[in-house]
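Written out below as structure tokens is the structure these notes cover.
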Amino acid sequence: MATKILTEHINVPGIETFEVYRKQGGYAAVEKAIKTMSSEEVVEEAKKSGIRGRGGAGFPMGMKWGFLAKPEGVPRYLVCNADESEPGTFKDHHLMKSIPHLLIEGMIVSSYALGANKSFIYVRGELMYVIRILEKAIEEAKVNGFLGKNILGSGYDLELVVQSGGGAYICGEETALLESLEGKRGNPRNKPPFPAVKGLYQSPTVVNNVESIANMPWVINHGGDAYAAIGIGRSTGTKLISASGHIQKPGVYEIELGLGVDEFLNSDEYCGGIRKGHYLKALVAGGSSVPILPAHLITKTAAGEDRLMSYESLSDGGFATGTMMGSGGFIVFDETACIVRNTWNFSRFYHHESCGQCSPCREGTGWMEKVLHRIEHGHGSLHDIDLLVDVAKKIEGNTICPLGDAAAWPIASAIRHFREEFEWHINSPKEATQPGAVFMGAVLA
Amino acid sequence: MEEVKPQLIKITFDGIEVEVEPGTTIMQAARKIAEADESQGHLVPPAMCYYKPLPTSGGKCRACLVRVAAGSAKDPRPMPKLVPSCITQVQEGMIVENTTNPSVLDTRKSIVEFLLINHPLDCPVCDQAGECHLQDFSFEHGSVKTRYEEDRRTFDKIDIGPFVQLHMTRCILCYRCVYTADQITDKRVHGVMNRGDASEISTYIEKAIDNDFSGNVIDVCPVGALTDKTYRFKSRVWFSKPEDAHCDCDKCSGKVTLWYRGDEVIRVTARKNIWGEVNEFICNKCRFERKKTSDWVIEGPTKVKRSSVISANKYRKDLIAKPDFSLRLAASQFKPIDDEREYTTDIETVRHQSIENNDKANHRSLLTDNRN
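If you're matching them up, the sequences are chains Z and H in order.
So in my numbering, spot 210 of the first sequence is number 210, and the numbers just go up one at a time.
So in my numbering, spot 77 of the second sequence is number 1077, and the numbers just go up one at a time.
Spelled out as structure tokens, the structure:
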């Protein structure tokens, strides 16, 4: 049985209430951290644990905390990024609605480590009921003395605020989130200055993903070294994977990093294999913005080694033959999936969600979507494929925030690995646009 | 007492060393080079959204991306991505590549393409033509072909207030007018709505902008999206003659440029520096209501670059007296743009072609004259 850090008690009835959560050993980390440890020691534990940001970029969390500027007389803020909007990712939603006190405990410990007296949880606007669950949990924690003034008699004050977003994907980008939190239009800021120096209200700020923060209670209770012992290499600890698509058992699974992709995909403990009578065609391993992988590169890397669910192994081979861990949105496609339609669908999302601030992303995402729409509906021409590759290349790396990259990668990789399918759509538009079209022996849905 | 000067920072920009004060951006350093030596003007990265008089502007259009080959003397690693030169501050020993790096030029070409795919290209009827930054930018860095086959995004024209018309279809979303409304006027009724390529500059439910400095949004607009309703379709920029003038105004500095056609003042704008930026913002009374010569004290003709189309009529005499000058200029500045047509820098051929073209044009105009 694999170690469970986040989902150990998730199925205990009534775990969303304070009493049950406390009975399961909850809020022990707050007591331990505030009563026996200094804030530097908590940061030290986070560094030792080697935990990497679970929001997508995979930047070590302890190092991020270490960068926080600490000028005198200026407040510091911790902001929890719960604006999970990536297509294919739904882990934070599951965690927050099932076991809200875990996030709140993590927020208290992390805020204590950073010396923040006011912390925010920015939840995406669509999840109104989750906001109510969190607010109720905060109220319970406050009544029991874990939040508010003078927590556990230590003299440390913390106010926790839940803020609803407006439902924009771009507000998951940390500086756009801060702008939105300040009440402005959610446009990403130019960096530098980074949020660690000038973030929320021009004060030093740390923005962390829900899952990263929810790991902190365990790290405090068991020590950073114990956390680092789980996992493989620099991918320490466990990770929540939101598995969806053509599999037997879609859902949120907690895995130890380093699990084989093959095992995750096919064992009954996790996804339970591809749905009956079908076979694997492609995989998006980390949410819609990471490169798509064709069947032959999923369980084995290009070098023939087993591919593992870890930051390093998934990105093995760079973008030519690898992908990224991303936020853990594991989308599986069987042979009935049309890659062209899927790519168009993804690009439609990025076109809709681009904030419109910088020109390559504003114009490029719309352009790519229109070209893909044309190809999908049988009006494409062969030079459109090269046009898409070129436009994707021109967007990538030239934008203010990573949304441009996220829009470009899926398209570039789909063309890299599934070029024949695009060419088939262009060369035989009549067949390809029919329902039940047959491509390479497979009936497309 | 001797003034303590801050330590100057030395950077290398396209192989030219320049010393600037700490906190200067790469763009300002490049402009310093060009101001010291006019022949280096082409080195300065283009700016579509950055506007020095408006703090916090810049970083959005990505036209000024440059490559930093060495971050600083202490840490000489190159920066992984191209950086926007308008907001990136210099470091001691920084090495910047602009026109010397093919990837920078390639990216710039693609930025022109991105900005133009949703632009209507209605220059022939646009009031801004001739002083449009997007025209200059696409002429210098763009391609003559377009790869965009889809429909362009369009919007309805909106009247914002009695003097300003918003033609959103032409907008490149540089946000300059938003910063102007935020920073120099007291009440903010003007911003950006919607997202992505559907985002538009707008006032709240088409509310009129009503304050004394609203006219400045016309001057800061790099394209013809915000136009002066008192000047709309009255003339072309190159048919008018700019004169510097001033008046006693209780609201603003009163330093303006008057645009004459014949003896008539057809337009009043703020004075701009060589980078197309307003020196001092002017009030609506000066801009829209004082349109008689008797309202103003004339200081003399505005300095206009010879390469500008605005000088075409003004310096006509010079051109006739020294016909070779413009040809020599044209021949020496001729550069291959992305066009499959043949070109030459041979001065005799250029002269011949130019005469031929003129003859054709004259012939055409004679024909139309006769018909009328």
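Each residue gets a CB set at the ideal place from its N, CA and C atoms; glycine is no exception.
Short Cβ contact (8 Å threshold) for residue i with residue j
i        : j        : result
R1062(H) : S359(Z)  : yes
V79(Z)   : V284(Z)  : no
F1155(H) : E363(Z)  : no
G329(Z)  : T89(Z)   : yes
V162(Z)  : V123(Z)  : yes
L257(Z)  : G286(Z)  : no
V1237(H) : L1226(H) : no
L1065(H) : T1107(H) : yes
H377(Z)  : T433(Z)  : yes
T1386(H) : D1219(H) : Here chain H comprises residues numbered 1001 to 1372, so residue 1386(H) is not present and cannot be evaluated.
V332(Z)  : H417(Z)  : no
F1213(H) : F1163(H) : no
P188(Z)  : I34(Z)   : no
A531(Z)  : C361(Z)  : Given that chain Z is displayed from residue 1 to residue 445, the structure contains no residue 531(Z) and the question cannot be resolved.
P204(Z)  : L314(Z)  : no
M96(Z)   : V210(Z)  : yes
K1251(H) : K1285(H) : yes
P1045(H) : N1098(H) : yes
L259(Z)  : L6(Z)    : no
S327(Z)  : I411(Z)  : no
Which listed residue (the options) has its alpha carbon closest to that of residue i
i        : options                                   : result
R1170(H) : V1192(H), D1122(H) and F1137(H)           : D1122(H)
H1042(H) : Y1050(H), M1048(H) and I1033(H)           : I1033(H)
L388(Z)  : R22(Z), I331(Z) and F422(Z)               : F422(Z)
S111(Z)  : D92(Z), Y350(Z) and Y77(Z)                : Y77(Z)
R1374(H) : E1264(H), V1096(H), I1111(H) and K1255(H) : Residue 1374(H) cannot be examined here, being either before or after the span of chain H that is shown, 1001 to 1372.
P1080(H) : R1067(H), E1092(H) and Q1089(H)           : R1067(H)
L127(Z)  : A28(Z), E105(Z), A168(Z) and L114(Z)      : A168(Z)
G186(Z)  : D1182(H), M1193(H), T1257(H) and T1180(H) : M1193(H)
E1289(H) : C1049(H), M1168(H) and L1258(H)           : L1258(H)
D1151(H) : G366(Z), D405(Z) and K393(Z)              : G366(Z)
S1408(H) : I1117(H), V1018(H), A1181(H) and E1017(H) : This structure cannot speak to residue 1408(H), because chain H is shown only from 1001 to 1372.
I1310(H) : I1347(H), R1351(H) and Y1260(H)           : Y1260(H)
G441(Z)  : M309(Z), S428(Z), P410(Z) and T336(Z)     : T336(Z)
I1095(H) : I1111(H), P1078(H), P1102(H) and E1038(H) : P1078(H)
D384(Z)  : E369(Z), E19(Z), N221(Z) and E86(Z)       : E369(Z)
Interface residues of chain H facing residue i [CB-CB closer than 7 Å]
i       : result
H351(Z) : G1196
K370(Z) : E1150
Residues that residue i contacts on chain Z, provided the C-beta gap is smaller than 8 Å
i        : result
Y1179(H) : Here the premise fails: no neighbours, minimum Cβ distance about 13 Å.
T1293(H) : Result: empty, since nearest Cβ-Cβ is about 42 Å, beyond 8 Å.
T1107(H) : K394 and N398
Under 7 Å from the C-beta of residue i: neighbouring residues of chain Z
i        : result
F1114(H) : S359, P360, E363 and G364
N1118(H) : E363
I1087(H) : N190
Listed by chain order, chain H residues near residue i by CB distance under 8 Å
i       : result
N342(Z) : Those do not exist, as N342(Z) stays about 21 Å from chain H at its closest Cβ, beyond 8 Å.
S354(Z) : R1195, G1196 and D1197
W65(Z)  : Chain H residues near W65(Z): none, gap ~23 Å exceeds 8 Å.
L387(Z) : R1147
Interface partners of residue i on chain Z, CB under 9 Å
i        : result
S1110(H) : P360, G364, D390, V391, K393, K394, I395 and N398
V1192(H) : R185, N187, G356 and Q357
- [ ] Give, in chain order, every residue of the region 214-225 of chain Z whose Cβ lies closer than 9 Å to some Cβ of chain H.
- [x] Identification of residues in the region 214-225 of chain Z having a C-beta nearer than 9 Å to some C-beta of chain H yields an empty set.
Open item on the list: So if I threshold CB-CB distances at 8 Å, which residues from the region 394-416 of chain Z count as touching chain H?
Closed with: Listed by position along the chain: K394, G397, N398, T399 and I400.
- [ ] State whether the region 40-47 of chain Z contacts the region 229-241 of chain Z, with contact taken as three or more CB pairs (one from each stretch) at a distance under 8 Å.
- [x] no
Open item on the list: Short of 7 Å Cβ to Cβ, which residues in the region 421-436 of chain Z face chain H?
Closed with: none
TODO: Spell out a yes or no on whether the region 53-61 of chain Z and the region 292-309 of chain Z are touching, meaning 3 or more CB-CB pairs, one atom from each, closer than 8 Å.
DONE: no
Open item on the list: Taking 8 Å as the cut-off, does the region 145-165 of chain Z touch the region 115-131 of chain Z (at least 3 CB pairs, one atom from each stretch)?
Closed with: yes
- [ ] With 7 Å as the C-beta to C-beta threshold (strictly closer), list the residues of the region 1044-1059 of chain H near chain Z in chain order.
- [x] G1059
Open item on the list: Along the region 1056-1083 of chain H, where does the CB come closer than 7 Å to a CB of chain Z? Name the residues.
Closed with: G1059, K1060, C1061, R1062, L1065, K1081 and L1082
Task: Contact set between the region 1252-1274 of chain H and chain Z, restricted to residues whose Cβ is under 7 Å from the partner - done: none
Open item on the list: Counting only Cβ-Cβ distances shorter than 8 Å, please list the residues of the region 180-209 of chain Z near chain H, keeping chain order.
Closed with: R185 and N190
Open item on the list: Give me the subset of the region 162-176 of chain Z whose CB atoms are less than 8 Å from a CB atom of chain H, sorted by chain position.
Closed with: A168 and I170
- [ ] Say whether the region 334-343 of chain Z touches the region 253-273 of chain Z, bearing in mind that this needs 3 or more beta-carbon pairs closer than 8 Å, one atom from each stretch.
- [x] no
Task: Validate contact between the region 1020-1027 of chain H and the region 1089-1108 of chain H using beta carbons, cut 8 Å, 3 pairs - done: yes
Task: Touching by the beta-carbon criterion (3+ pairs, under 8 Å), the region 93-103 of chain Z and the region 130-139 of chain Z - done: The answer is yes - the region 130-139 of chain Z touches the region 93-103 of chain Z, with three or more Cβ pairs under 8 Å.
Open item on the list: Please list, in chain order, the residues of the region 1156-1181 of chain H that have any C-beta partner in chain Z closer than 8 Å.
Closed with: I1172, L1173 and Y1175
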